[in-house]
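Everything below concerns the one structure shown next.
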Amino acid sequence: MTTASQTALALDFPILGQEGLVYLDSAATSQKPRVVLEALDDFLGHHNANVHRGVYPLAIDADDRFSFAREQIAAFVGAEPAATIITKNATEAINLVRYSWGPGHVGAGDAIVLTEAEHHSNIVPWQQLCQQVGAELRWLEVDQEGLISLDQLDEFLADGRTKLVAVTHCSNVLGTINPVEEIVARARAAGAASLIDGSQAVPQMPVDFGAIGADFYVWTGHKAYGPTGIGLLHGRRELLEQMPPFLTGGSMIKQVSVDETSFNELPFKFEAGTPPIAETVALGAAVEFISELGIERVRAHEEAITAYALSALRQIPGLTIQGPPLAQQRGALVSFTLDCAHPHDVAEILGRDQVCVRAGHHCTQPLMKKLGVSATTRASFAVHNSTDDVDELVTSLGRVIEIFSGR
Amino acid sequence: MDDALYREEILEHYKRPHNFGPMEAPDRESFDTNPLCGDELRVMLKVDDNDVVEAVRFEGHGCAISQASASMISDEVTGIKLDDLARLDRSAVLDLLGIDISATRMKCALLSLKVLKSAAIGTLADWEPDTAEAVRPAGGTQL
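Here the protein sequences come in this chain order: A and B.
Per this note's numbering, the first sequence starts with residue 35, numbered consecutively.
Per this note's numbering, the second sequence starts with residue 4, numbered consecutively.
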């Protein structure tokens, strides 16, 4: 394994040129490789025009680049471009499903299954829908090792009232990689739809929407080396075609008269207003960046760092790691608590050493309650990290312990 | 260890907080959270016939800054009138802490004062804006 500086140099993340910066917060947002910054700069500087409407060469060029990027993004996760909806973020993608698909498919007495480890973005929309229509939420419990039980899923599916199973592909706190193919298959067999939140998974492990077989799969650009302002919804085409529009306005129409409107075809039916054009193009560059590295290699690299981190952190007295014990069961992150210090104090002191970690509830308050903690500290890893970064983390944690359990 | 934020007195209050624990039949109480950190704080007051704070207890959990500030301010407000307590502003806590608090940690530092004031006035205290004034970023753009 190469050192941090060698890795960063080879991959060329400009921000990592800052002396001493140890970035361990990619699960919150990834840093951006130069190729992504250049794609943004190149598009806005040389090819910028609005899409869908122009007939002049510059606009046609912009359209082509936008369409090509959508194809790159769809291909990266094994989805069809026409069934790849560009949203503002993963949260909006989930809300699209909640508002467009939800009311026609979930009614009084029905149920939606979530896991206890969902991000608020995959809880609140469903909680709101259930309150609106008189349905109930059913929570798949996470066990001591952060794993869910397929037996419990079967129980929740048995009475036929469950209409949707919405689960994360990879937990942003526990790191747990859920068996999404199996979950989707069981949901389908019981007549329930499925939605997978791939916000953590897409940048770090092979994802094949077609093979997973889910009805909906959402993720976000900014955690996948792309810019903020773009999220994705991949859906089963027949389902998307039946669904009514979510947001309405320009671009998503075919014909508008003073009396009525007919809607555009997929994917544009769900993309009201000017889309994030430059961001889409830049995300195309981001997935190409990952593809060139090879997603299998990315996974192997990050799994090795995660294994190293698990092992190193286990040596620290008074430190408790949340989630599965083995790196192969996890995404590239480790959440932990220290007996002697609150996660915010840990993160603050680490921050003084330029070790950037996240502390708090990570938008998973139900999970925090289940774990019996108010917050955790989380270190997460990306392609540019190395075991040197883990060593820096461990050294800095030693400083925290010295401050808080001294005397 | 030279670390201004975690100076000895603050750590001392964090590890051994004053006035920490339950109170039987409080005259006033208030509870609030800091959603950023998941800090939770309940404050209970005993108040005499002249509206003077006789005793303060607090319960909850949180980071060193929020717990130490609760411990420190609880000593300060014991023996003062409810009206005076309700008039305290953020400087009361910040002066006690005696360190620079970043914008993101300000909520931690001020939670105890907010809950104390809420207990004093019997409703959630109006609060100063949580966010610091926006500051133009230093430096130019560079790529």
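Beta carbons are placed, not taken as given, at the ideal position from N, Cα and C, and that holds for glycine.
Note that this is a predicted model, so its numbers are computed, not measured.
Taking 8 Å as the CB threshold, residue 77 of chain A stays off the interface with chain B. Considering only beta carbons, the part of the stretch 45-64 of chain B lying closer than 7 Å to chain A consists of 64, in chain order. Residue pairing by DSSP places residue 166 of chain A opposite no residue, since no beta bridge is assigned to it. A Cβ-Cβ contact shorter than 8 Å links residue 33 of chain B with residue 122 of chain B. Listed along chain A is no residue with a C-beta nearer than 9 Å to that of residue 24 of chain B; the closest approach is about 18 Å. Among the residues facing chain A, residue 39 of chain B is included, as its CB has a counterpart in that chain under 8 Å away. Residues of the stretch 361-380 of chain A with a Cβ closer than 8 Å to any Cβ of chain B, in chain order: 375, 376, 377, 378, 379. Excluding the 5 residues flanking it on each side, residue 98 of chain B has no same chain C-beta neighbour closer than 8 Å. Residues of the stretch 65-76 of chain B that bring their beta carbon within less than 9 Å of a beta carbon in chain A comprise 65, 66, 67, 68, 69, 70, in sequence order.
If you look at residue 251 of chain A, you'll find it in the beta strand (DSSP E) that goes 250-254. By the rule that beta-carbons nearer than 8 Å mark a contact, residue 438 of chain A touches chain B. Chain A has a Cβ within less than 8 Å of the Cβ of residue 14 of chain B. Membership of residue 290 of chain A in the beta strand (DSSP E) is indicated by the continuous run 287-290.
Within chain A, the C-beta atoms nearer than 9 Å to that of residue 8 of chain B come from 379, 382, 383, 386, in chain order. Nearest CB-CB separation between residue 395 of chain A and chain B: below the 8 Å threshold. Annotated three-state conformation of residue 57 of chain B is strand, per DSSP. Between residue 153 of chain A and residue 397 of chain A, the C-beta spacing is below 8 Å. Taking C-beta separations shorter than 8 Å and ignoring five residues to either side along the sequence, the partners of residue 58 of chain A in its chain run 389, 390, 391, 413, 414, 415, 419, 423, 427, following chain order. Per the DSSP secondary-structure output, residue 47 of chain B pairs in a beta bridge with B:32, B:60. Residue 356 of chain A has A:369 as its beta-bridge partners, per DSSP. In this structure, the straight-line span from the alpha carbon of residue 248 of chain A to that of residue 367 of chain A is close to 25 Å. The contact set of residue 408 of chain A on chain B, defined by CB atoms closer than 8 Å, consists of 40, 41, 42, 43, 64, 65 in chain order.
Distance from the Cα of residue 103 of chain A is smallest, within the candidate group A:126, A:327, A:359, A:315, for A:315. Within the DSSP secondary-structure output, residue 297 of chain A pairs in a beta bridge with A:287. The way I'd put it, the stretch 215-230 of chain A does touch the stretch 197-206 of chain A; three or more beta-carbon pairs between them come closer than 8 Å. Going by DSSP, residue 197 of chain A is part of the beta strand (DSSP E) stretching over 196-202. Remark: C-beta atoms of residue 183 of chain A and residue 170 of chain A do not approach each other more closely than 8 Å.
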